[in-house]
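In what follows, a single structure is set out as structure tokens and then discussed.
Structural data, given as structure tokens:
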């Protein structure tokens, strides 16, 4: 910052001397270091509303900084493997920025999961409010500080679906022995239900489902699930996505690189994150709506609700799973306390505002047109 | 723009000559006109999350532009009367920016109401998605173009409450002869229900309710209703707010002033709007949650749900009221078509995602603790 301020002052002084005689309004002139960053993501090229969002962020930053701050974006695997995004940003040698999901860092920072999704956690609106007004973002920064990384919310993919199933689920018993692809905390809960959790790369899910290697899989939501073509090989599309009720993706920045930015560029980067986070959340609301319509009316998918008794069982196991992780790590416990407290604070307001909206005020649209 | 480009080139040339010898990395140097705007709002000074938001917008813009673009903010009445905000921005002589709500422009542009709130319309998440992905913002710009004004979403105050009542509502018949303060489209619907709609300035509502001049009033939501002290003089606090299910406030800019901004400052202003819009929406989610908790647990307010039969009647009259306005004005009809189509498109997705969240996945928090 010292060097920049010096440059700025020097430049202002010089220009004032040169231009003062010829201009009526002497303009302020600022000298800026040209900033060039690289951003890596965990997303495949062109993945709607996710890889797109990283590119939109770069575009906004360039536009707002009048071309002085440019970010070159690489999709997963183009510069580093998808799941090494966070590590590359932490290192900060080649890469200053990244886009991914907090729960990919569960191994090194269990607390990171709450900033992405925990089963039966807050929905997207609640997550966003928690980050800003419940101390969530501050805790997120605290969680990533030991890694020299600064997080910013990257938007929500919306509530997930419970998944694609080739076996009908009527009672909690039906999960016993079910072979399901479901990673993370959702997988832990499924194991408690008696399911056999099977993990496989994204590229193999379709074939495994088709061949019966797995009986079920979750993915994201209608928009991305449709792109994966699961409707061709699965009988039932179950909702609601109890395991990720309002998952948020994240932008991450190398802390040293971020702190070396001029304060106006820091503000530009933060505002671009907020703008793009909005855009992603809204894009998923629209995109999931449109894809669901096509899945039901074009592909004749059987969309089925998990029975309440099954959801009650899943909730009970989820509370145990979340409590176990919170108990295993002091930072996770601190974050969980804040999260639960906030969910409880805004809970009754949701009960009397958005709940009656969906139950009564919004038109009841039949799932089958 | 011509003049600015000339200044910029002149300045770059001059500085390069002066500094090239002394610097290793010759910085880019940009000359910018110092922009000074005035913003007027319809809000009282310090009104939480609304007047605050206008001030936050100014702060963000100043920070991102490195002090080159400053907006001086005036609360309602400080420079122009609160309800002349839009007119002042339209004129653009003293004032370039404003903050208010679209339905205040209903008289001159009936279509403006859809961008703020129509009874049984979209909730906040749906409104935001419609603006960005359903053509809503484009239609909003088209609606304000004849006035030389550019709109941007300013955030949602969240679902409203149905209002404070001194008479119990058990059937639709109970509205007959009820004296209620409720402006706009909500008032039109109330009149169809047989109520006597009474309008009065904000400052007189409390006394009118206390003295029985009115039997009921709606205002905003728990956060702002608590500040008005209505809980001291009303027996029942009814929900849900069927008349404004996800109302959005707006930022408005004089079109000529906006278009004369350098493109980077336009981008900065737009990003600041998005960032602050988020902040306001989240602030209301948090603030309403906290205020509701206090109203129930400290002030022992009786929070009551309108019976379903009453809501059904309100919905039927609301559809008529909305259709009447749409039929009265070609732009309103065009906007209504887009709005209804979007609400229908994302409706089934809400049914299987957020609806089960509020019904089943979120903990059921008792309204009385």
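Residue numbers (the working numbering), protein chains in the order written: chain A, 1 to 369; chain B, 1 to 369. Beta carbons are placed, not taken as given, at the ideal position from N, Cα and C, and that holds for glycine.
Supposed contact pair residue j and residue i - C-beta distance, whole angstroms, cut 8 angstroms
i: residue 43 of chain A; j: residue 162 of chain A; result: Residue 43 of chain A to residue 162 of chain A, Cβ: 23 angstroms. No contact.
i: residue 159 of chain B; j: residue 353 of chain A; result: 4 angstroms
i: residue 51 of chain B; j: residue 75 of chain B; result: 5 angstroms
i: residue 155 of chain A; j: residue 249 of chain A; result: 6 angstroms
i: residue 214 of chain A; j: residue 180 of chain A; result: 6 angstroms
i: residue 346 of chain B; j: residue 129 of chain B; result: 7 angstroms
i: residue 92 of chain A; j: residue 362 of chain B; result: Contact doesn't hold; Cβ gap of about 39 angstroms is too wide.
i: residue 295 of chain B; j: residue 226 of chain B; result: 6 angstroms
i: residue 123 of chain B; j: residue 357 of chain A; result: 5 angstroms
i: residue 237 of chain B; j: residue 303 of chain B; result: 5 angstroms
i: residue 39 of chain B; j: residue 98 of chain B; result: 6 angstroms
i: residue 89 of chain B; j: residue 41 of chain B; result: Actually they are not in contact, since the Cβ atoms of residue 89 of chain B and residue 41 of chain B sit about 11 angstroms apart, beyond 8 angstroms.
i: residue 66 of chain A; j: residue 63 of chain B; result: The pair is not a contact, with the Cβ atoms about 15 angstroms apart (cut-off 8 angstroms).
First through last residue of the beta strand (DSSP E) which encompasses residue i
i: residue 115 of chain B; result: Note, residue 115 of chain B: premise wrong, no beta strand (DSSP E); alpha helix (DSSP H) at 112-116.
i: residue 149 of chain A; result: 149-156
Neighbouring residues, chain A, relative to residue i (Cβ below 8 angstroms)
i: residue 278 of chain B; result: 128, 132, 274, 277, 278
i: residue 248 of chain B; result: Chain A residues near residue 248 of chain B: none, gap ~13 angstroms exceeds 8 angstroms.
i: residue 175 of chain B; result: Ordered by position in chain A, no residue passes the 8 angstroms Cβ test against residue 175 of chain B, which lies about 18 angstroms from the chain.
DSSP beta-bridge partners of residue i
i: residue 236 of chain A; result: A:165, A:302
i: residue 39 of chain B; result: B:73, B:97
i: residue 216 of chain B; result: B:165, B:180
i: residue 339 of chain A; result: None; residue 339 of chain A has no bridge partner.
i: residue 189 of chain B; result: Paired residue(s): none; residue 189 of chain B is not in a bridge.
i: residue 360 of chain A; result: In DSSP, residue 360 of chain A forms no bridge with anything.
i: residue 245 of chain A; result: Bridge partners of residue 245 of chain A: none, in fact.
i: residue 197 of chain A; result: A:180
i: residue 250 of chain B; result: B:100, B:153
First through last residue of the alpha helix (DSSP H) which encompasses residue i
i: residue 316 of chain A; result: 308-328
i: residue 255 of chain B; result: 255-260
i: residue 370 of chain B; result: As displayed, chain B neither begins before 1 nor continues past 369, which places residue 370 of chain B out of reach and without an answer.
i: residue 126 of chain B; result: 124-133
i: residue 145 of chain B; result: Unbroken run through residue 145 of chain B: none, as it is neither H nor E.
i: residue 61 of chain A; result: 51-64
i: residue 88 of chain A; result: 85-91
i: residue 211 of chain A; result: 202-211
i: residue 34 of chain B; result: Here residue 34 of chain B belongs to no alpha helix (DSSP H), and DSSP marks it neither H nor E.
i: residue 227 of chain B; result: 222-228
Cβ neighbour criterion (16 or more within 10 Å) applied to residue i
i: residue 146 of chain B; result: exposed
i: residue 177 of chain B; result: exposed
i: residue 24 of chain B; result: Legend: pLDDT at residue 24 of chain B = 37, less than 50; position of this residue unreliable, value from coordinates given subsequently. Residue 24 of chain B comes out exposed.
i: residue 138 of chain B; result: exposed
i: residue 364 of chain B; result: exposed
i: residue 337 of chain B; result: exposed
i: residue 330 of chain A; result: exposed
i: residue 194 of chain B; result: exposed
i: residue 355 of chain B; result: buried
i: residue 211 of chain B; result: exposed
i: residue 151 of chain B; result: buried
i: residue 320 of chain B; result: exposed
i: residue 68 of chain B; result: buried
i: residue 229 of chain A; result: exposed
i: residue 60 of chain B; result: buried
i: residue 34 of chain B; result: exposed
i: residue 218 of chain A; result: buried
Contacts of residue i in chain B (Cβ-Cβ under 8 angstroms)
i: residue 303 of chain A; result: 352
i: residue 240 of chain A; result: 352, 353, 356, 357, 360, 361
i: residue 231 of chain A; result: The premise fails here: residue 231 of chain A is roughly 15 angstroms from chain B at the closest Cβ pair, so nothing lies under 8 angstroms.
i: residue 60 of chain A; result: 267, 271
i: residue 206 of chain A; result: Within chain B, no residue comes near residue 206 of chain A; the closest Cβ sits about 23 angstroms away, beyond 8 angstroms.
Chain B contact residues for residue i, given Cβ-Cβ distances below 7 angstroms
i: residue 64 of chain A; result: 64, 264, 267, 268, 271
i: residue 290 of chain A; result: 345
i: residue 125 of chain A; result: 125, 285
i: residue 245 of chain A; result: 357, 361
i: residue 282 of chain A; result: 128, 129, 132, 133
i: residue 365 of chain A; result: 344, 347, 348, 351
i: residue 339 of chain A; result: Result: empty, since nearest Cβ-Cβ is about 13 angstroms, beyond 7 angstroms.
Cross-chain neighbours of residue i in chain A, by beta carbon under 7 angstroms
i: residue 158 of chain B; result: 353
i: residue 54 of chain B; result: The contacting residues do not exist; residue 54 of chain B stays about 16 angstroms from chain A at best.
Beta-carbon neighbours of residue i, restricted to chain B and to distances below 9 angstroms
i: residue 311 of chain A; result: 356, 360, 361
i: residue 120 of chain A; result: 361, 362, 363
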